[in-house]
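First up is the structure itself, then whatever we jot down about it.
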Amino acid sequence: MEKTTSLEIRNLIKYFHEPETFQVLKGVSFTAKKGEFLSIVGKSGSGKSTLLYVLSTMDTDYEGTLQINGDVLTGKTQNQLAAFRNKHIGFVFQFHYLLPEFSALQNVMLPALKLGKLSTEEIEHKAYESLRLLDLEGQELKNANRLSGGQQQRVAIARALINNPSVIMGDEPTGNLDSKNSRAVQEIFKQLAQEHGQTIICVTHDPDFANNTDRIIEMQDGLIV
Amino acid sequence: MAKSTNIQIARAYLTSKIWQTFVAVLGVTFGVSMYIFMNSFMNGVNKTQDDLAFSALSHIRIYNQDNMNVYNPIESQFNQSKTIINILNRKNIQYTTGLNNSSSIVSSVKKQTEVIAVACQVNSSVFFRSGSKKVNGIISGVELEPEDELFKTSSTIIQGAWNNLQTHKTGIILGKLLAEKLGLQINNSVNVLTSDGVSKNYMVVGIFESNLKTMDETKAYLNITAARQLVGENSDYASDILVNIKDRDNTASFIQKITSMIPYQIESWQEANEQLVAGSELRNIIAIAVSLTILLVAGFGIYNIMNMTINEKIKEIAILKATGFSGNDIMTIFLTQATVIGLLGAIVGVIMGYGMSLLITLVPFTIAGLETLPIFFRAQDFLLAVVFGILTTLIAGYLPSRKASKIDPVIIIRG
Ligand SMILES: Nc1ncnc2c1ncn2[C@@H]1O[C@H](COP(=O)(O)OP(=O)(O)OP(=O)(O)O)[C@@H](O)[C@H]1O
Ligand SMILES: [Mg+2]
Chain U
1 MEKTTSLEIR NLIKYFHEPE TFQVLKGVSF TAKKGEFLSI VGKSGSGKST LLYVLSTMDT
61 DYEGTLQING DVLTGKTQNQ LAAFRNKHIG FVFQFHYLLP EFSALQNVML PALKLGKLST
121 EEIEHKAYES LRLLDLEGQE LKNANRLSGG QQQRVAIARA LINNPSVIMG DEPTGNLDSK
181 NSRAVQEIFK QLAQEHGQTI ICVTHDPDFA NNTDRIIEMQ DGLIV
Chain G
226 MAKSTNIQIA RAYLTSKIWQ TFVAVLGVTF GVSMYIFMNS FMNGVNKTQD DLAFSALSHI
286 RIYNQDNMNV YNPIESQFNQ SKTIINILNR KNIQYTTGLN NSSSIVSSVK KQTEVIAVAC
346 QVNSSVFFRS GSKKVNGIIS GVELEPEDEL FKTSSTIIQG AWNNLQTHKT GIILGKLLAE
406 KLGLQINNSV NVLTSDGVSK NYMVVGIFES NLKTMDETKA YLNITAARQL VGENSDYASD
466 ILVNIKDRDN TASFIQKITS MIPYQIESWQ EANEQLVAGS ELRNIIAIAV SLTILLVAGF
526 GIYNIMNMTI NEKIKEIAIL KATGFSGNDI MTIFLTQATV IGLLGAIVGV IMGYGMSLLI
586 TLVPFTIAGL ETLPIFFRAQ DFLLAVVFGI LTTLIAGYLP SRKASKIDPV IIIRG
């Protein structure tokens with residue numbers, strides 16, 4: 001497997017100014033290779049989520065540089081970044097955010113419909129497939145707010161995968177799942193990394209999850225140790 | 226495909242809070258329907274007023290009036306200083322009034338393409354006498370056909386017939402109230418006394434009732450030839466020539482066109498009746514002000530509802546943005562909602578405005594020849610109502626939509 005660089009951050013520094021100025025990230029640098037399955041661990045409050053939001057391009061208020069697939073993303077406009085995310089990044093939030101007025105299936109389909117590369121039928125087929133893979137068969141047409149927490153989290157994972165993004169990020173993507181489902185998600189991630197060369201970066205508190213990944217990055221007080 | 230996705234999302238949002246959507250649509254509906262109703266009603270009123278006015282008023286009147294002539298040979302001759310002029314018992318000369326060559330003017334006016342009808346009249350103020358009764362009034366010598374074309378006078382005849390003036394050389398048609406005052410019936414005889422002291426007897430061959438009380442009280446029609454004899458004028462004489470043109474709002478340009486050909490005064494109905502014009506304009510302003518106010522209020526309602534929706538959906542907007550929807554997409558989603566609300570409101574508003582107006586025409590109102598409240602529909606009112614309705618919604622929807630498009634997803638998602 002080729003080992004080109006997928007994601008690279010250089011000397012990332014981030015402050016929060018509310019309620020008082022406070023340095024969350026104190027110069028974080030690391031590189032993720034294409035097809036690598038990474039986990040980020042660390043104590044609560046060490047800055048894992050904050051780092052992930054910067055990696056995901058949603059947070060643009062930082063110092064340092066972020067580069068994904070060779071594109072420097074630091075300094076791009078919000079609209080450019082949105083288009084980039086749509087195509088290249090899949091994200092599973094710490095709190096599984098779905099659109100409550102839409103069915104599980106529609107939630108999964110939306111990013112692909114936005115991308116507009118495949119026909120609606122193809123997208124639908126793909127969405128069914130990936131929901132089935134996540135053990136959500138039969139739940140596809142239920143409204144998102146009628147699903148259990150764990151089910152919602154798996155829908156969010158399916159949504160993150162729909163556009164075959166080159167980088168998939170998760171903030172405790174298995175936080176709400178039982179060990180069986182958690183294993184299944186891990187296997188899916190592993191497979192995506194190995195077979196499709198997708199880079200996967202997950203924040204986790206689960207040691208089993210972490211040990212199942214290619215590399216563990218540990219954070220402490222805004223620094224990688 | 227991305228566009229239709231945005232529209233799908235907009236539709237989901239519109240249908241998920243159907244009550245809110247309904248209220249927003251209702252706001253526009255009220256605005257649009259009130260606009261149509263108010264304007265159609267005011268147009269109806271204006272039209273009634275005009276119809277009433279134009280039953281006795283022509284668009285243009287050509288006449289020759291004795292202007293106070295200031296010709297003063299003495300003073301212009303002896304104008305050196307240190308000359309004292311003292312004229313005792315000065316008299317003003319009576320110049321002829323009226324037009325002595327009416328047929329040539331009529332034919333040159335008739336050549337204009339804008340002209341619908343031209344009628345000569347011989348008007349004179351007289352005394353009507355019957356037995357011991359004596360009533361002051363106006364005799365109007367008319368050409369039967371053109372007069373009827375101008376004012377539809379024949380339709381006001383309640384006894385006898387308009388054409389009786391043609392067949393009876395000494396026939397006269399009296400206003401209803403005038404006939405009552407004089408105690409006259411049809412086929413009775415009435416004496417007319419002019420200001421020059423000429424007295425003639427005529428036979429009542431008809432009685433008319435117009436919508437104007439003063440006319441019914443004072444006016445009588447003669448054949449124009451009989452009237453010329455009565456006032457002692459030649460057979461080409463007319464005191465007034467009345468002209469109607471196709472577009473009565475366009476009198477100014479018509480007058481400008483004919484003014485060089487006609488050596489007499491020409492007066493448009495607007496000049497003669499400024500209060501009529503002012504009344505119409507004022508009513509139009511009220512109608513527009515009221516309906517625009519309603520639309521404005523509706524606009525605020527929509528603004529509030531859209532703002533509320535966006536505050537409720539702030540998390541979802543953040544998710545959409547996180548998964549790759551741009552600010553423009555978000556804008557499209559919410560502006561689509563506004564457009565749908567505007568369109569729906571406008572369509573229902575047009576139907577409701579039309580219906581409301583039709584209902585109003587059922588309300589009885591029996592004054593001045595009316596039977597029900599007047600409504601007059603104009604295509605432009607419907608068009609403007611729709612345009613204003615949609616415009617208001619779009620403006621009211623734009624600000625919240627822009628706010629939504631600027632939401633920073635990370636702030637919301639971080640919690
Ligand atoms: N919006 C914010 N404003 C100010 N401070 C913040 C904000 N979000 C997070 N922080 C602070 O930044 C630090 C890092 O937060 P972060 O959410 O990255 O922690 P974490 O490592 O993800 O923790 P957890 O494992 O509990 O999710 C914490 O001390 C937190 O209090
Ligand atoms: Mg966290």
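One line per chain: the protein sequences are U and G, in this order.
Going by the working numbering, the first sequence opens with residue 1, and the numbers climb by one from there.
Going by the working numbering, the second sequence opens with residue 226, and the numbers climb by one from there.
A virtual CB, placed ideally from N, CA and C, is assigned to each residue, including glycine.
In this text the structure is predicted, and so the values were computed from the model without any measurement.
Report back the beta-carbon spacing between Tyr42 of chain U and Gln220 of chain U to the nearest angstrom; my notes put them in contact at under 8 angstroms. For the record, residue 42 of chain U in the displayed sequence is Gly; it is not Tyr. 6 angstroms between Cβ atoms; contact.
Just reading off the beta strand (DSSP E) that Met169 of chain U is part of, what are its end residues? 167–171
Quick one: any contact between the region 163–172 of chain U and the region 134–143 of chain U, if contact means 3 or more CB pairs under 8 angstroms? By the Cβ test, the region 163–172 of chain U is not in contact with the region 134–143 of chain U, since fewer than three Cβ pairs between them sit closer than 8 angstroms.
I'd like the list of long-range same chain contacts for Ile615 of chain G, defined as Cβ closer than 7 angstroms, with 5 residues on each side in sequence excluded. Gly567, Leu568, Ala571
Roughly how far, in whole angstroms, is the beta-carbon of Gly549 of chain G from the beta-carbon of Ala83 of chain U, given that I think they are within contact range, below 8 angstroms? Rounded to the nearest angstrom, the Cβ distance from Gly549 of chain G to Ala83 of chain U is 7 angstroms, consistent with a contact under 8 angstroms.
Does Gln305 of chain G pass the burial test, meaning 16 or more other C-beta atoms within 10 Å, or should it be called exposed? exposed
Return helix, strand or coil for Met1 of chain U, following the three-state DSSP convention. Because Met1 of chain U sits at a pLDDT of 44, beneath the cut-off of 50, its placement in the model cannot be relied upon, and the point is left open.
Could you name the residues of the region 94–106 of chain U whose beta carbon sits closer than 9 angstroms to any beta carbon of chain G, in the order they occur along the chain? Gln94, Phe95, Tyr97, Leu98, Leu99, Pro100, Glu101, Phe102, Gln106
Ligand 1 heavy atoms versus the CB of Gln94 of chain U: any closer than 7 angstroms? yes
Partners in chain U for Val635 of chain G, counting only beta-carbon separations shorter than 7 angstroms: Correct list: Tyr53, Met58, Asp59.
Give a yes or no on whether 8 angstroms exceeds the smallest Cβ distance from Trp247 of chain G to chain U. According to the sequence as given, residue 247 of chain G is Phe; it is not Trp. False, the Cβ-Cβ gap to chain U never drops below 8 angstroms.
In the DSSP assignment, find the alpha helix (DSSP H) that holds Leu25 of chain U and state where it starts and stops. Here Leu25 of chain U belongs to no alpha helix (DSSP H); instead the beta strand (DSSP E) covers 22–33.
For Thr246 of chain G, count the other beta carbons within 10 Å of its own beta carbon; 16 or more makes it buried, fewer makes it exposed. Which is it? buried
Outcome for Glu506 of chain G when other beta-carbon atoms lying within 10 angstroms are tallied against a minimum of 16: Exposed.
CB contact flag (Thr213 of chain U, Leu38 of chain U, <8 angstroms): yes
Within 10 angstroms of its Cβ, does Met533 of chain G collect 16 or more other Cβ (buried), or is it exposed? Residue environment analysis places Met533 of chain G among the exposed positions, since fewer than 16 neighbouring C-beta atoms fall within 10 angstroms of its C-beta.
Is the distance from the Cβ of Arg286 of chain G to the Cβ of Leu467 of chain G below 8 angstroms? yes
I'd like to know if Gln152 of chain U contacts chain G, where contact means its C-beta is closer than 8 angstroms to some C-beta of that chain. no
State the beta-bridge partners of Phe613 of chain G as determined by DSSP. Its beta-bridge partners do not exist; DSSP assigns none.
So is Ala82 of chain U in contact with chain G if we call contact Cβ pairs under 8 angstroms? yes
Bridge partners of Lys444 of chain G, per DSSP? G:Ile363
Around the Cβ of Met486 of chain G, are there at least 16 other Cβ atoms within 10 angstroms (buried) or fewer (exposed)? exposed
Using 8 angstroms as the threshold, is the C-beta distance between Lys438 of chain G and Gly362 of chain G below it? no
Taking CB distances under 8 angstroms as the criterion, tell me whether Pro111 of chain U reaches chain G. yes
Does any C-beta atom of chain U lie closer than 8 angstroms to the C-beta of Phe255 of chain G? no
Can you find a C-beta in chain G that's less than 8 angstroms from the C-beta of Arg159 of chain U? Cβ-Cβ to chain G under 8 angstroms: yes for Arg159 of chain U.
Let's test the definition: count the other Cβ atoms within 10 Å of the Cβ of Ser332 of chain G and tell me whether it reaches 16, buried, or not, exposed. exposed
Applying a beta-carbon distance threshold of less than 7 angstroms, which residues of chain G neighbour Gln78 of chain U? Gly552
For Ser130 of chain U, tell me which candidate among U:Ala156, U:Leu113, U:Ser148, U:Ala144 has the shortest Cα-Cα distance. U:Ala156
Among residues of its own chain, excluding the 5 on either side of Asp441 of chain G, which ones have a beta-carbon nearer than 8 angstroms to its beta-carbon? Only Gly400, Lys401, Leu402, Leu403, Phe433, Glu434, Ser435 meet the Cβ criterion.
With contact counted as at least three CB pairs below 8 angstroms, one residue from each stretch, are the region 199–211 of chain U and the region 103–122 of chain U in contact? no
Reduced DSSP category for Thr564 of chain G - H, G, I as helix; E, B as strand; rest coil: helix
Same chain, Cβ closer than 8 angstroms to Ile224 of chain U, five either side skipped, listed in chain order: If you ignore the 5 residues before and after Ile224 of chain U, its C-beta comes within less than 8 angstroms of the C-beta of Val28, Ser29, Phe30, Ile217, Glu218, all in its own chain and listed in chain order.
Where DSSP assigns a beta bridge to Arg215 of chain U, which residues make up the other side? U:Leu38
Any chain U beta carbon closer than 8 angstroms to Thr230 of chain G: yes
Spell out whether any CB of chain G is found under 8 angstroms from the CB atom of Glu18 of chain U. no
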